[in-house]
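S.K.: Numbering (our numbering), first residue to last: 23 to 477.
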């Protein structure tokens with residue numbers, strides 16, 4: 023099958039990202055993603071440390087933790103639905119409008135969680151409402167990634183689109199870092215009261231972040247690629263009435279391949295930053311230390327993400343993703359052994375290398391890699407469906423799967439390691455089966471052209 027031109031028109035003649043408009047676009051994508059993922063990952067931290075004791079206190083500790091991770095999974099189940107809904111309208115009426123709506127939805131759900139009474143206060147209604155609010159979070163973040171990625175990618179010149187798209191992906195670890203630091207600080211300040219009321223503070227602080235994010239996001243213009251599509255489509259509503267149907271009937275292979283290619287990234291996240299946190303705390307590692315190390319790992323992830331994205335503009339998305347996939351598979355069993363040792367610094371090494379360096383390598387090119395596989399008129403829908411599907415299957419269910427595999431393995435982590443390696447190998451195969459995106463090919467041709475001119 024010939025590689026179709028997924029790049030769309032290169033409407034940015036200036037090959038620099040260092041212009042006022044592009045700085046605003048990239049800053050908006052980064053800040054918006056930080057805020058959305060602060061809210062989303064804050065829940066994951068609370069699910070590992072708080073919710074089993076606050077909303078499932080009537081269950082045994084093991085069952086309560088499993089139930090808490092179950093509510094975490096609900097958000098990931100909702101993410102593909104969010105990607106479909108926001109992708110549909112994002113491909114029809116524009117990327118910007120959908121990003122504004124997704125941020126408002128996330129802010130509402132997160133603040134409501136911070137105000138939610140406990141099970142002791144209102145009974146079974148508490149976990150039921152918690153699940154509903156987590157579902158809204160999932161819908162919101164499912165629409166955020168595709169829009170934020172395309173806002174950056176479609177504004178940028180072809181030779182810089184990998185690096186530009188990384189601003190949206192870097193928002194994930196940056197939001198996780200912010201959430202971790204806030205939880206760690208509040209935990210230290212509130213002490214024994216953290217499980218009583220202190221845990222609510224990080225959720226309520228989301229109101230301030232949402233306000234700042236809305237101000238920034240409203241100032242950004244719609245992407246040039248979408249504007250070009252609008253100007254060419256006189257009968258736009260008819261032509262783009264069902265982007266999802268177009269993706270399913272026209273590009274099913276691309277959806278499956280890009281979904282599988284993204285699974286390794288999210289599986290590592292689920293094992294290292296959700297399940298791994300509960301393992302470390304259960305082995306006696308101090309809670310504050312665990313949270314601080316997660317913060318350090320997030321800093322490493324951000325740096326690795328941008329470096330890997332820059333390399334993908336030069337050497338291609340597939341090459342960088344392949345390096346990350348091999349490294350992730352090789353790190354599986356060493357990381358699991360380190361996490362179970364009960365030594366704080368062993369846990370630190372496992373998370374900084376796995377969640378920080380390796381996951382950063384995978385995160386850097388993934389936004390551009392997925393987006394470039396789809397044509398502009400269905401790009402929001404196609405990219406969101408694949409990426410959010412991977413989020414659901416990877417990060418959403420991995421903590422529950424890992425917990426179940428430990429029980430099945432009689433308390434050992436061997437089955438978890440096999441599962442980890444298998445997912446990374448599948449992702450590597452998917453990457454090798456796919457083709458380099460048109461944007462990346464164009465970028466490499468431009469680079470070679472400039473090198474010849476300078477020779």
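Just so you know, even glycine gets a beta-carbon here, dropped at the ideal spot from N, CA and C.
Values in this document were obtained by computation on a predicted structure and should not be read as measured data.
Check for me: the alpha helix (DSSP H) holding residue 83 runs from which residue to which?
M.R.: Locating residue 83 in the chain shown gives position 61, where the first residue counts as 1. Counting along the chain, the alpha helix (DSSP H) containing residue 83 begins and ends at 83–115.
S.K.: Going by alpha carbons, who is nearest to residue 175 out of 426, 45, 315, 70?
M.R.: In the chain shown, residue 175 corresponds to position 153, counting from 1. Checking every option, the nearest Cα to that of residue 175 belongs to 45.
S.K.: Hey, how far is the Cα of residue 458 from the Cα of residue 419?
M.R.: Position 436 of the chain shown, counting from 1, holds the residue named residue 458. Position 397 of the chain shown, counting from 1, holds the residue named residue 419. Roughly 29 Å between the two C-alpha positions.
S.K.: I'd like the ranges of any alpha helix (DSSP H) spanning at least 4 consecutive residues and lying wholly in the segment 274–346.
M.R.: Runs of the alpha helix (DSSP H) inside the segment 274–346: 274–291, 298–304, 309–337.
S.K.: For residue 267, I'd like the list of residues in its chain whose CB is within less than 6 Å of its CB, leaving aside the five on either flank, ordered along the chain.
M.R.: On the chain shown, position 245 is the one that residue 267 refers to. Answer for residue 267: no residue qualifies.
S.K.: Please confirm whether residue 372 and residue 360 have their CB atoms less than 8 Å apart.
M.R.: Against the chain shown, residue 372 aligns to sequence position 350. Against the chain shown, residue 360 aligns to sequence position 338. Yes, the Cβ-Cβ distance between residue 372 and residue 360 is below 8 Å.
S.K.: Pull up the distance between the alpha-carbon of residue 106 and that of residue 123, whole angstroms please.
M.R.: The residue given as residue 106 occupies position 84 in the chain shown. The residue given as residue 123 occupies position 101 in the chain shown. Using only the alpha carbons, I get a separation of about 14 Å.
S.K.: Taking the alpha carbon of residue 396 as the point to measure from, which residue in 273, 367, 230, 42 has its own alpha carbon closest?
M.R.: Indexing the chain shown from 1 puts residue 396 at position 374. Among 273, 367, 230, 42, the Cα nearest to that of residue 396 is on 273.
S.K.: Would you list, in sequence order, the uninterrupted alpha helix (DSSP H) runs of no fewer than 4 residues that lie entirely inside the segment 389–429?
M.R.: You should have 401–413.
S.K.: Take the Cβ of residue 191 as the centre, count every other Cβ of all protein chains shown within 10 Å, and call the residue buried at 16 or more, exposed below.
M.R.: The residue you call residue 191 lines up with position 169 of the chain shown. That one is buried.
S.K.: Only counting the same chain, and skipping five residues up and downstream in sequence, which positions put a Cβ closer than 7 Å to that of residue 387?
M.R.: As a working note, residue 387 is residue 365 in the chain shown. So the list reads 184, 330, 331, 334, 339, 342, 343, once near-sequence residues are dropped.
S.K.: CA-CA distance, residue 218 and residue 298?
M.R.: What you label residue 218 is simply residue 196 of the chain shown in a count that begins at 1. What you label residue 298 is simply residue 276 of the chain shown in a count that begins at 1. Distance between the alpha carbons of residue 218 and residue 298 is about 24 Å.
S.K.: What is the DSSP secondary structure of residue 139, counted as helix, strand or coil?
M.R.: In the chain shown, residue 139 corresponds to position 117, counting from 1. The answer is coil: DSSP assigns residue 139 none of H, G, I, E or B.
S.K.: Report the residue from 354, 369, 52 whose alpha carbon sits nearest the alpha carbon of residue 300.
M.R.: The residue given as residue 300 occupies position 278 in the chain shown. It is 369.
S.K.: Looking at the structure shown, is residue 435 part of a helix, part of a strand, or coil, going by DSSP?
M.R.: Position 413 of the chain shown holds residue 435. Note: residue 435 maps to coil in three-state DSSP.
S.K.: Relative to the C-alpha of residue 67, which candidate in 206, 438, 447, 239 has its C-alpha closest?
M.R.: In the chain shown, residue 67 corresponds to position 45, counting from 1. If we check each option's Cα against that of residue 67, 206 comes out closest.
S.K.: What are the start and end residues of the alpha helix (DSSP H) that includes residue 364?
M.R.: Position 342 of the chain shown, counting from 1, holds the residue named residue 364. Neither: residue 364 is in no alpha helix (DSSP H) and is coded neither H nor E.
S.K.: Could you say which of 200, 221, 427 lies nearest to residue 316 if we only look at CA atoms?
M.R.: One-based indexing of the chain shown puts residue 316 at position 294. Checking every option, the nearest Cα to that of residue 316 belongs to 200.
S.K.: Residue 260 by DSSP, collapsed to three states: which one?
M.R.: By one-based count along the chain shown, residue 260 stands at place 238. Any answer about residue 260 is weak, because its pLDDT of 49 lies below 50 and its placement is not dependable; what the coordinates show is given next. Three-state result, residue 260: helix.
S.K.: Taking the straight line between their C-alpha atoms, what separation do you get for residue 375 and residue 61?
M.R.: Numbered from 1 along the chain shown, position 353 holds the residue referred to as residue 375. Numbered from 1 along the chain shown, position 39 holds the residue referred to as residue 61. Residue 375 and residue 61: Cα-Cα distance of roughly 25 Å.
S.K.: Taking buried to mean at least 16 other C-beta atoms within 10 Å of its own C-beta, is residue 241 buried or exposed?
M.R.: Translated into the one-based positions of the chain shown, residue 241 becomes position 219. The residue in question, residue 241, is exposed, as its Cβ has fewer than 16 Cβ neighbours within 10 Å.
S.K.: Counting Cβ pairs closer than 8 Å, one from the segment 207–215 and one from the segment 422–431, do we hit at least three?
M.R.: Contact fails: fewer than three Cβ-Cβ distances are below 8 Å.
S.K.: How long is the line joining the alpha carbons of residue 243 and residue 118, rounded to whole angstroms?
M.R.: Numbered from its first residue, the chain shown carries residue 243 at position 221. Numbered from its first residue, the chain shown carries residue 118 at position 96. When rounded, the distance between both Cα atoms is 7 Å.
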